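Below is one structure, written out as structure tokens; the observations come after it.
Residue numbers (the UniProt record's numbering): 1 to 256.
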């Protein structure tokens, strides 16, 4: 059945379990324009209901929180001047990205979806700012010490990931926010581009995890961490990403 793009709404109320990575507004078939942007009661109801994704959601949530606590303990007990802000900002950004994604798992009603998206936008924008700032801090720190840039896999992956994240945020805003869809792309084209935005979100999560795993081999982290702490950081980062990616719906990326 052919649908008129000028009258087709934006978000489907039936699209309940679809993971929404790195995005601001889903591209399907239900208009959220007149839905309140913030309804905490609706959001609480969404997350008080157990469903098929609940277990994986908790795997990702608990894993990333343990990872964050252990890493911050290591960093804060081994201050390294300006460099200290680099792992703190990057890890904060990763935690924010996870929260922004998991808050949408699941949302069912239009009110739940709109409130979830409001929280999602807050975390994703904050995380992008934090990770970009952390990257700049590292570049400045190396310049102050006349150290070469991007000489390790961690450095190369880090700058690639940060660059892709900025592009992802700009692209997400372009196809996600109502004013940009209406004035720049149009609803139909924005919907057609959405699967690419979602797919790049999955890629970014994998890049972030891989970037951190290379950091566990860096001289500084090896020097200040115990073997037990390194194992915990490695295991929890892997478990978290598996839990998160387990929430994905491949049909949302590859058309049937």
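Cβ coordinates follow ideal geometry from the N, Cα and C atoms, glycine included.
Please read all numbers here as calculations on a predicted model, not as lab measurements.
If I measure Cβ to Cβ from residue i and keep anything under 8 Å in the same chain, skipping five residues before and after, which residues do I get?
i: residue 166; result: 128, 132
i: residue 184; result: 174
i: residue 218; result: 152, 154
For residue i versus residue j, is the C-beta distance shorter than 7 Å?
i: residue 75; j: residue 88; result: yes
i: residue 111; j: residue 42; result: yes
i: residue 141; j: residue 212; result: no
i: residue 247; j: residue 53; result: yes
i: residue 145; j: residue 172; result: no
Excluding the 5 residues preceding and the 5 following residue i in the sequence, name in chain order all residues of the same chain whose CB lies nearer than 7 Å to its CB.
i: residue 102; result: 57, 60, 61
i: residue 233; result: 67, 70, 71, 216
Alpha carbon to alpha carbon, what distance is there between residue j and residue i?
i: residue 137; j: residue 130; result: 10 Å
i: residue 64; j: residue 123; result: 15 Å
i: residue 208; j: residue 154; result: 10 Å
i: residue 125; j: residue 253; result: 23 Å
i: residue 135; j: residue 180; result: 28 Å
i: residue 152; j: residue 106; result: 39 Å
i: residue 45; j: residue 113; result: 12 Å
i: residue 40; j: residue 115; result: 7 Å
i: residue 235; j: residue 244; result: 14 Å
i: residue 158; j: residue 187; result: 34 Å
i: residue 73; j: residue 238; result: 19 Å
Apply the 10 Å Cβ neighbour rule to residue i and answer buried if 16 or more other Cβ atoms are within range, or exposed otherwise.
i: residue 149; result: exposed
i: residue 99; result: buried
i: residue 222; result: exposed
i: residue 22; result: At residue 22, the pLDDT of 38 sits below 50, so the modelled position is not reliable; the number obtained from the coordinates is stated separately. Classification of residue 22: buried, given that the 10 Å Cβ count is 16 or more.
i: residue 97; result: buried
i: residue 191; result: buried
i: residue 231; result: exposed
i: residue 161; result: buried
i: residue 80; result: exposed
Output needed for residue i: all residues of its chain with C-beta closer than 6 Å, excluding positions within five of it in sequence on either side, in chain order.
i: residue 240; result: 60, 63, 64
Item checked: Ordered list of alpha helix (DSSP H) runs contained in the region 34-110, each at least 4 residues -> 40-47, 54-76, 85-102
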